[in-house]
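A.B. asks: This is the structure, below, for whatever I ask next.
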Amino acid sequence: MKVKATFYNFRIRKNHGPLAVACGVGFLSGLDTSVNIAFPALSAAFELDVSDIQWVVISFVLSYSILLLPIGRFADQIGHGRVVLAGIIVEMFALAACGMATVFWFFVLARIAQGIGIAFMLSSAPALVTLSVSEENQPRALALFAMMIAMGVAAGAPIGGVLLQTWDWQSVYLYRVPYTGLLMLLSLCCAMYRRPTITKPEVLDIKGALSLGSGLGLVLFVASRGFTWGWFAFPTLSMAGIGIGLLAVFVIVERKSENPLIDFNLFAIPDFVTANCLNALANAAMFTVWFLGPYFLVTVRGHGTTAGGLILAVSPIATAIAAKYSARLVRRININLLSRWGLLIEGIGLVAMSRATALTPLPVVVIFLVLVGAGLGLFQVPNMSFVMASIDRTKQGLAGGITQMTRTVGLVAGLAVWNTLYIILRDRKAAELSISELEDPRIFVPAYSAVLGLAGLLCLLGTLATRQKRATINDLPDVPLCK
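Written out as structure tokens, the structure reads:
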């Protein structure tokens, strides 16, 4: 008798171990939203303005965004399990260092180390997922991975809120140390430290990795500091020029390399390029809620940190639920239609959230957050499935690196844009205020509304990019599906 497969009841090719580790890593990465709800506490502890708190995020995201592709390619050679295990170990020590930091510069260095650990894990976790299941069940497995990330995001904010009301901000880092220790033990039990059998080893493209990492890092760094320095100031223009030059060197090196870090032929596939651009847009737009949302809920609306964390958790919970149902539909419905509806719902939610004020009823705010999260969840699975299916099975680390890199580049670039726009829209008096003085809604809400409204409009415009007709992921032409 043939048993009908359910969302959770799909057949694993080898064993459940690597998939469990990958999902555990996804959950761990999502738990970093504990930091977002701690933004006001961090601002007070280190005497930072709201425009300076971005370094808590940028130091973390920038460090792993520039490493995702090189590490993903490296993992294809030495084994995805070994790279994930190394990342778990680095992450464990980095979290402990963050919790013990007493000065901001050391805290930023620890966040950079944490980003490196995340880069090792997230560059290879999607590959562990796809290589652990049959091709038929890959969308479900990827949806489970996306759900675990969303569940981590959902759990992180309320856990952080409870910890902040009980202990100091250091607790939002230290509570994750035991969890990373358990992940390390699970990885060792699964023998993920073993080297895979590679029929034809390739020489790693060190020059390409260095030029890409340096160039991308400089460009994103300038994007985050351009407003502070002045867009036409010498440091801004010189560093931007060097960064762009290094990226040009990267393209030249890759064109001549026998084993390039990126196969530029992929970018000749219009849908592949569109999928990655929309991935960056959707995540950048979502981050407006996580960047400014804690201030809006805790400082402007007056919710406590625990209540604020629980309210923010509504959005990723909606993401997880929507991802589950999106996985069921991805092989039956036009994937661009799913992506379009996802961006549309996310955009409507952001525009609606931009109209919320200190007097908006809480149930209405919750509904707006549900729309934002559900839209992102509906969008992610068809988008990730397409990108992972666009690259040969022997290069799934590269595919995972591209997926995560476009997401994180969107986060960093989006954060720079949202932060710059936020500062511009505040009047000159408000720009000089400390975070404790921003509780007056007349100062914060107008800029907050404009930033979220713009993010929502960009999502709505992004739906136009999905207008090309395409069948289900089973019928994608000109794309070498994983075998």
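One point on numbering: in my numbering, the residue at position 314 of the sequence shown is 325, and numbering is uninterrupted.
Positions of the beta carbon are idealized from the N, C-alpha and C atoms, including for glycine.
How do the stretch 354-364 and the stretch 110-129 stand: do at least 3 beta-carbon pairs fall below 8 Å, yes or no?
C.D. replies: no
A.B. asks: With 16 other CB atoms within 10 Å as the buried threshold, where does M159 fall?
C.D. replies: buried
A.B. asks: Leaving out five residues on either side along the sequence, give the residues of the same chain with a beta carbon under 6 Å from the beta carbon of F275.
C.D. replies: none
A.B. asks: Rounding to the nearest angstrom, what Cα-Cα distance links A476 and T285 in this structure?
C.D. replies: So the two alpha carbons sit approximately 7 Å from each other.
A.B. asks: If you draw a straight line from the alpha carbon of A442 to that of G252, how long is it in whole angstroms?
C.D. replies: Because A442 sits at a pLDDT of 47, beneath the cut-off of 50, its placement in the model cannot be relied upon, and the following sentence gives the value as read from the coordinates. The straight-line gap from Cα to Cα measures roughly 29 Å.
A.B. asks: Do three or more CB pairs link the stretch 183-196 to the stretch 30-48 at distances below 8 Å?
C.D. replies: yes
A.B. asks: I'd like the list of long-range same chain contacts for N290, defined as Cβ closer than 6 Å, with 5 residues on each side in sequence excluded.
C.D. replies: N394, T417 and R418
A.B. asks: Tell me whether G219, by its Cβ, gets closer than 7 Å to a heavy atom of the ligand NAD.
C.D. replies: This structure lacks the ligand NAD; in fact it carries no ligand of any kind.
A.B. asks: Excluding the 5 residues preceding and the 5 following I328 in the sequence, name in chain order all residues of the same chain whose CB lies nearer than 6 Å to its CB.
C.D. replies: A165
A.B. asks: Are the beta-carbon atoms of F38 and P305 separated by less than 8 Å?
C.D. replies: For F38 and P305, no; Cβs fall outside 8 Å.
A.B. asks: Among the candidates L199, F115, V140 and G421, whose CA atom is the shortest distance from the CA of C508?
C.D. replies: The first residue shown for the chain is 12 and the last is 494, placing residue 508 beyond what the model contains.
A.B. asks: Use the C-beta contact count for W242: other C-beta atoms within 10 angstroms, 16 or more gives buried, fewer gives exposed.
C.D. replies: exposed
A.B. asks: Based on Cα-Cα distance, which residue from A367, E269 and F397 lies nearest to I413?
C.D. replies: F397
A.B. asks: Determine the direct distance from the alpha carbon of V183 to that of L370, and round the result to whole angstroms.
C.D. replies: 30 Å
A.B. asks: Based on Cα-Cα distance, which residue from T310, D179, A318 and A331 lies nearest to V383?
C.D. replies: Measuring from the Cα of V383, the nearest candidate turns out to be A331.
A.B. asks: Going by DSSP in three states, V419 sits in which element: helix, strand or coil?
C.D. replies: Position check: residue 419 holds Thr in this sequence, whereas Val was assumed. Here T419 sits in helix by DSSP.
A.B. asks: Can you list, in chain order, the residues of its chain with a C-beta nearer than 6 Å to that of G98? Leave out the 5 residues immediately preceding and following it.
C.D. replies: Around G98: G128, F131 and M132.
A.B. asks: Are the Cβ atoms of G126 and L42 separated by less than 8 Å?
C.D. replies: no
A.B. asks: On the premise that S134 lies in contact with K82, defined as a C-beta separation below 8 Å, what is that separation, rounded to the nearest angstrom?
C.D. replies: A quick correction: the sequence has Ile, not Lys, at residue 82. Sure, about 4 Å apart at Cβ, within 8 Å.
A.B. asks: Is the beta carbon of L73 less than 8 Å from the beta carbon of L231?
C.D. replies: Contact flag set, yes.
A.B. asks: Nearest to I462 by CA position, among G172, F298 and P169, is which residue?
C.D. replies: According to the sequence displayed, residue 462 carries Val and not Ile. The residue with the shortest Cα to Cα distance from V462 is F298.
A.B. asks: One question on the structure: do G509 and S337 come within less than 8 Å of each other, judged by their Cβ atoms?
C.D. replies: For the chain, the structure presents residues 12 to 494; residue 509 sits outside this window and is missing.
A.B. asks: Among the residues of its own chain, which have a CB less than 7 Å from the CB of V264, if the five just before and after it don't count?
C.D. replies: Correct list, in chain order: K218, G219 and S222.
A.B. asks: When we look at the beta-carbon of A293 and count the other beta-carbons within 10 Å, is it buried (16 or more) or exposed?
C.D. replies: buried
A.B. asks: Quick check on this structure: which residue in A324, H91 and L465 has the alpha carbon closest to the alpha carbon of A296?
C.D. replies: L465
A.B. asks: Find out if the Cβ-Cβ distance for the pair G386, G171 is shorter than 8 Å.
C.D. replies: no
A.B. asks: Can you check which of these residues, Q181, T141 and Y186, is closest to A52 by C-alpha distance?
C.D. replies: Q181
A.B. asks: Which residue from A55, L354 and V325 puts its Cα closest to that of V375?
C.D. replies: V325
A.B. asks: When burial is assigned at 16 or more other CB atoms within 10 Å of the CB, is T474 buried or exposed?
C.D. replies: buried
A.B. asks: Are L176 and G315 closer than 8 Å when you measure CB to CB?
C.D. replies: Strictly speaking, residue 176 in this sequence is Gln, with Leu absent from that position. Cβ atoms of Q176 and G315: closer than 8 Å.
A.B. asks: Over the uninterrupted alpha helix (DSSP H) stretch that includes H91, give me the two end residues.
C.D. replies: Counting along the chain, the alpha helix (DSSP H) containing H91 begins and ends at H91 to M111.
A.B. asks: Candidates S40, N47 and V36: which alpha carbon is nearest T317's?
C.D. replies: Across the set S40, N47 and V36, the C-alpha of N47 shows the shortest separation from the C-alpha of T317.
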